[in-house]
Amino acid sequence: MLSIQGVHTFYGQIEALKGVDLEVNQGEIVTLIGANGAGKSTLLMTICGSPRASAGRVVLEGQDITRMPTHEIIRLGVAQSPEGRRIFPRMTVMENLQMGATTTDPSYFDDDLKRVFDLFPRLNERRNQRGGTLSGGEQQMLAIGRALMSRPRLLLLDEPSLGLAPLIVKQIFTVIREINENDGVTVFLVEQNAYHALRLAHRGYVMATGNVVMQGSGRELLDNPEIRAAYLEGGH
Amino acid sequence: MAYFLQQLINGVTLGSVYGLIAIGYTMVYGIIGMINFAHGEIYMIGAFISLITFLILGIVGITFVPLALLIVLIVAMLFTSMYGWTLERLAYRPLRGAPRLAPLISAIGMSIFLQNYVQILQGARVKPMQPLIQGGIELMETDGFIVNLSYMQIIIILLTFVLMVAFSTLISKTALGRAQRACEQDRGMAAMIGVNVDRTIALTFVMGAALAAVAGLMVTLYWGVIDFFIGFLAGLKAFTAAVLGGIGSLPGAMLGGLAIGLIEAFWSGYFTVEYKDVATFGILVMVLIFLPHGLLGKPEIEKV
């Protein structure tokens with residue numbers, strides 16, 4: 003479904019991605035783990051064309067989207083819950099969700115809204131509250147809910163567990179599994195919480211300083227002694 | 025009392041015009057965080073397009089006033105919008121992502137260009153306009169002073185009110201308005217949920233220009249004289265209004281416009297007409313020193 007081929011991305015003079023190759027197949031949950039600054043978020047943003055890859059190709063379902071404007075990539079069925087969640091702070095929960103549905107046919111709106119409220123009942127309770135006043139966990143739910151409102155076929159999630167209480171992390175991971183299994187959404191998940199992510203994912207990639215350094219099934223990576231030492235020791 | 029009432033009416037009329045122009049400043053500032061220094065010229069162009077359309081309608085023989093007014097309103101809004109769109113396309117879009125100073129300079133360049141463009145095409149002399157809507161209502165008379173509410177003033181105040189309501193609804197309730205607010209709050213994220221950011225910014229300029237055109241039309245009718253330089257002072261005052269109300273706030277722009285109009289009318293009525301501009305810009309200085317966020321532009325505290 004998504005194929006990243008030799009992608010290089012620069013932030014000014016700094017080369018954040020140094021030739022990344024990666025595949026996400028239809029229906030999978032694929033996770034990308036790695037330390038801070040490895041380039042995980044940059045890769046997710048590069049898929050959305052912001053910043054643009056300076057070399058290499060990003061191919062979505064056979065179509066080269068490397069040079070496509072961001073808003074057109076989204077129209078092809080990609081949605082991202084980005085790093086830092088980036089909720090519209092001075093819009094209500096409801097308006098944030100309406101914004102999420104920018105690219106979809108309005109006739110789907112009610113059903114999609116109901117689906118998001120089923121997944122995150124908390125959002126329904128807070129529907130008229132401004133995004134900026136929500137707690138971290140609620141903002142994360144809203145960021146994922148907003149992404150789901152566009153009926154994505156490929157969902158990009160950037161560290162949905164960051165800074166959240168363990169109970170809420172568990173809830174969010176359950177939802178990710180559910181939208182993958184029930185709604186058939188392909189999920190590409192960037193995580194620092196390697197243990198949870200690898201248990202959830204079908205396959206995983208490990209990134210370090212702008213390169214993919216390891217890949218395998220979730221199980222394989224979990225059992226790999228190097229991974230255990232680098233990302234899983236010290237509890238989870 | 026009668027004199028006070030008369031100044032109040034004059035002030036509200038004037039304030040309506042400033043408010044309509046101020047909305048253009050405040051909306052553009054809201055969405056791209058920059059002052060459109062050519063906005064006064066857009067208003068001036070709106071006035072000229074109105075005048076030209078009136079003349080053409082006169083030649084064609086459409087003299088029924090309400091119909092002529094409606095046609096001029098639509099034509100002026102349409103053509104002035106195109107100027108607004110072109111302004112954004114030439115002076116702002118190529119400089120997206122450039123340091124903030126660059127589009128500021130290009131906007132000032134556009135302002136100088138538009139002034140000279142109109143001066144060359146239309147001449148530098150003041151253009152008169154036949155009074156189209158005359159008469160009014162005598163509200164009261166005390167000591168030989170008649171308080172007069174002219175039909176023109178009624179039209180200006182009513183039209184402004186209607187446009188304000190329509191506009192606020194557009195911003196708060198429609199998909200376009202939501203997209204504008206989204207771009208205002210986080211442009212990158214707006215693109216990442218499928219908003220065409222360039223188009224939304226262009227439409228913001230177009231909307232501001234359309235309102236400035238209405239202001240231009242009303243001024244043409246109200247004062248009956250325009251020239252290529254009217255955009256400068258009116259633009260500065262509307263900018264002051266936007267800052268006073270809290271730049272970025274739509275109700276603030278209207279409130280600020282009203283306040284500036286009233287200050288100007290009362291200052292002229294009770295002190296000296298010559299110094300009315302000093303009073304207005306004195307307000308700007310005071311606001312910037314003591315109330316930098318303006319009346320309604322409170323910075324919101326947000327959780328991160």
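Chains P and B, in that order, are what the protein sequence lines are. Each residue of the first sequence is one higher than the one before, counting from 3 in this note's numbering. Each residue of the second sequence is one higher than the one before, counting from 25 in this note's numbering. No residue lacks a Cβ here, since even glycine has one placed at the ideal position from N, Cα and C.
Boundaries (first-last residue) of the beta strand (DSSP E) holding residue i
i, result
"Q7(P)", "4–13"
"I31(P)", "31–36"
"S83(P)", "80–83"
"I16(P)", "16–26"
"E193(P)", "188–193"
"L157(P)", "156–160"
Within chain P, the residues that residue i reaches when beta carbons sit closer than 8 Å
i, result
"A190(B)", "What A190(B) touches in chain P: nothing, since even the nearest Cβ is about 20 Å away."
"V219(B)", "H73, M101, T104"
Backbone secondary structure at residue i - three-state DSSP
i, result
"I157(B)", "coil"
"T211(P)", "coil"
"N172(B)", "strand"
"M93(P)", "coil"
"D66(P)", "strand"
"K327(B)", "At K327(B), the pLDDT of 44 sits below 50, so the modelled position is not reliable; the number obtained from the coordinates is stated separately. Of the three classes helix, strand and coil, the one that applies to K327(B) here is coil, per DSSP."
"S56(P)", "coil"
"H238(P)", "Summary for H238(P): the model assigns pLDDT 46, below 50, so the residue's position carries little reliability; its value from the coordinates is reported in the next sentence. Coil at H238(P), not helix or strand."
"S109(P)", "helix"
"I11(B)", "Past the boundaries of the shown model lies residue 11(B); chain B is included only from 25 to 328, so the question cannot be answered."
"R2(P)", "In the structure as shown, chain P begins at 3 and stops at 238. Residue 2(P) is therefore absent and cannot be evaluated."
"G404(B)", "This structure gives no information on residue 404(B), because the portion of chain B shown stretches from 25 to 328."
"L163(B)", "strand"
"M242(B)", "helix"
"I152(B)", "Residue 152(B) is actually Pro in this sequence, not Ile. P152(B): strand per DSSP, three-state reduction."
"Q217(P)", "strand"
"I271(B)", "coil"
"R132(P)", "strand"
"I47(B)", "helix"
Span of the alpha helix (DSSP H), counted from its first residue to its last, around residue i
i, result
"E288(B)", "274–294"
"I66(B)", "63–84"
"Q209(B)", "199–209"
"L223(P)", "220–225"
"H204(P)", "Looking at the DSSP string, H204(P) is not in any alpha helix (DSSP H), and its letter there is neither H nor E."
"N126(P)", "123–127"
"E298(B)", "Looking at the DSSP string, E298(B) is not in any alpha helix (DSSP H), and its letter there is neither H nor E."
"F175(P)", "168–183"
"I145(B)", "Per the sequence shown, residue 145(B) should be read as Leu rather than Ile. Per DSSP, L145(B) belongs to the alpha helix (DSSP H) from 125–146."
"E140(P)", "138–150"
"F88(B)", "It is not in any alpha helix (DSSP H) - F88(B) carries neither H nor E in the DSSP assignment."
"E74(P)", "72–77"
"T44(P)", "42–49"
Cross-chain neighbours of residue i in chain P, by beta carbon under 7 Å
i, result
"A329(B)", "With chain B represented from 25 up to 328, any question about residue 329(B) goes unanswered, as that position is not in the structure."
"G276(B)", "By Cβ distance, chain P contributes nothing, its closest Cβ being about 14 Å from G276(B), past 7 Å."
Closer than 8 Å at the beta carbon, the chain B residues around residue i
i, result
"M93(P)", "R202, R205, A206, Q209"
"S152(P)", "I217, G218"
"Q82(P)", "M216"
"F111(P)", "Simply none; closest approach about 11 Å."
Amino acids of chain B, ordered along the chain, whose beta-carbon sits closer than 7 Å to that of residue i
i, result
"E97(P)", "R202"
"R124(P)", "In chain order: nothing, as chain B lies at least about 16 Å away."
"I76(P)", "M216, I217, G218"
"P162(P)", "Near P162(P) there are no residues of chain B at all, since even the closest Cβ is about 16 Å away, more than 7 Å."
"R253(P)", "The question about residue 253(P) has no answer, for chain P in this structure spans 3 to 238."
"R148(P)", "I217"
Closer than 8 Å is the cut-off here; do at least three beta carbon pairs connect the stretch 71–85 of chain B with the stretch 226–240 of chain B? yes
Three Cβ pairs or more, each shorter than 8 Å: is that satisfied between the stretch 99–111 of chain B and the stretch 58–71 of chain B? yes
Chain-ordered residues of the stretch 187–211 of chain B with a beta carbon less than 9 Å from chain P: A199, R202, A203, R205, A206, E208, Q209, D210
Cβ pair count under 8 Å reaching 3, the stretch 188–199 of chain P against the stretch 20–37 of chain P: yes
Do the stretch 161–171 of chain P and the stretch 202–216 of chain P meet, that is, are 3 or more Cβ pairs less than 8 Å apart? no
Answer yes if the stretch 169–178 of chain B comes into contact with the stretch 83–102 of chain B, meaning at least three C-beta pairs across the two stretches below 8 Å, and no otherwise. no
Would you check if the stretch 209–219 of chain P and the stretch 249–258 of chain B touch, i.e. whether three or more CB-CB distances between them fall below 8 Å? no
Given 8 Å, three or more beta-carbon pairs between the stretch 27–42 of chain B and the stretch 278–287 of chain B: yes
Contact between the stretch 43–60 of chain P and the stretch 4–12 of chain P is defined here as three or more beta-carbon pairs at a separation below 8 Å; is this criterion met? yes
Counting Cβ pairs closer than 8 Å, one from the stretch 79–98 of chain B and one from the stretch 131–149 of chain B, do we hit at least three? no
Are three or more beta carbon pairs between the stretch 89–97 of chain P and the stretch 202–213 of chain B nearer than 8 Å? yes
Quick test of the definition: if touching needs 3 or more C-beta pairs under 8 Å, does the stretch 96–104 of chain P touch the stretch 213–229 of chain B? yes
Within the chosen definition, does the stretch 64–76 of chain P reach the stretch 117–133 of chain P through at least 3 CB pairs nearer than 8 Å? no
Could you tell me whether the stretch 142–153 of chain B touches the stretch 221–236 of chain P, using the rule of 3 or more Cβ pairs below 8 Å? no
At least three beta-carbon pairs within less than 8 Å, the stretch 79–88 of chain B to the stretch 312–321 of chain B: no
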